[in-house]
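Numbering-wise (the numbering used here), the sequence shown opens with residue 4 and increments by one. Beta carbons: idealized from backbone N, C-alpha and C, even for Gly. Structure first, then comments.
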Amino acid sequence: MKIAVVAIGRLARSPESGLVKLYVDRATAAGRALGLGPVEVIEVESRKPGKLAEAEALRPHLVDAHVIACDERGRTRASRVFAEEIATLRDRGVRRLVFLVGGADGLAPELAQAVQGNLAFGPQTWPHALARVMLCEQIYRAVSILGGSPYHRD
4 MKIAVVAIGR LARSPESGLV KLYVDRATAA GRALGLGPVE VIEVESRKPG KLAEAEALRP
64 HLVDAHVIAC DERGRTRASR VFAEEIATLR DRGVRRLVFL VGGADGLAPE LAQAVQGNLA
124 FGPQTWPHAL ARVMLCEQIY RAVSILGGSP YHRD
């Protein structure tokens, strides 16, 4: 199952972009034997400001995918539960899993309602760059849990 993080905006050259790459590379390498990956990050720029324009820019990247939106009102999950959810989707035959990160104002309502699930990183507000790092780290952690790696410790 391919995994993508589709996000509005570009991180450019920043410490966060280096961490995103690190975790994406690790998840891709560790996931091969598990039928997970490659993991990719797709950064999308909207030509116009606002949620509706961002939704139009995001929509082509969501075709034929199981989409989980990152949303502050989403459901939190323990790392093992997150890993089990990914494994279940893979085992059900989902070919592409997309984690969606909207712009600073969130997702357009019609896009938010069209996703199959949502994910929150807790009640705090996180900068988008750090949220991407945390998401990519959790994807790597999930792969390592499924692979039996000692990376995750309960």
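The beta carbon of LEU122 lies closer than 6 Å to those of ILE71, CYS73 and GLY77 in the same chain, with the five residues before and after it left out.
Listed in chain order, the non-local C-beta contacts of ARG13 below 6 Å within the same chain comprise GLU46, local neighbours out to five positions each way being set aside. Partner residues in the beta bridge of ARG78, as assigned by DSSP, are LEU122. For HIS69, DSSP records a beta bridge to LEU100. Spanning the alpha carbons of TRP129 and MET137 requires a straight line of approximately 10 Å. Per DSSP, reduced to three states, the secondary structure at LYS51 is coil, with no helix or strand assignment. In this structure, the alpha-carbon of ARG99 lies about 17 Å from that of GLN141. Boundaries cannot be given for ALA15, as no alpha helix (DSSP H) includes it and DSSP labels it neither H nor E.
ALA132 places its beta carbon less than 7 Å from that of GLU19.
Per DSSP, the continuous alpha helix (DSSP H) segment holding ALA117 begins and ends at 112-117.
Under the DSSP assignment, LEU37 falls outside any alpha helix (DSSP H); it carries neither an H nor an E label.
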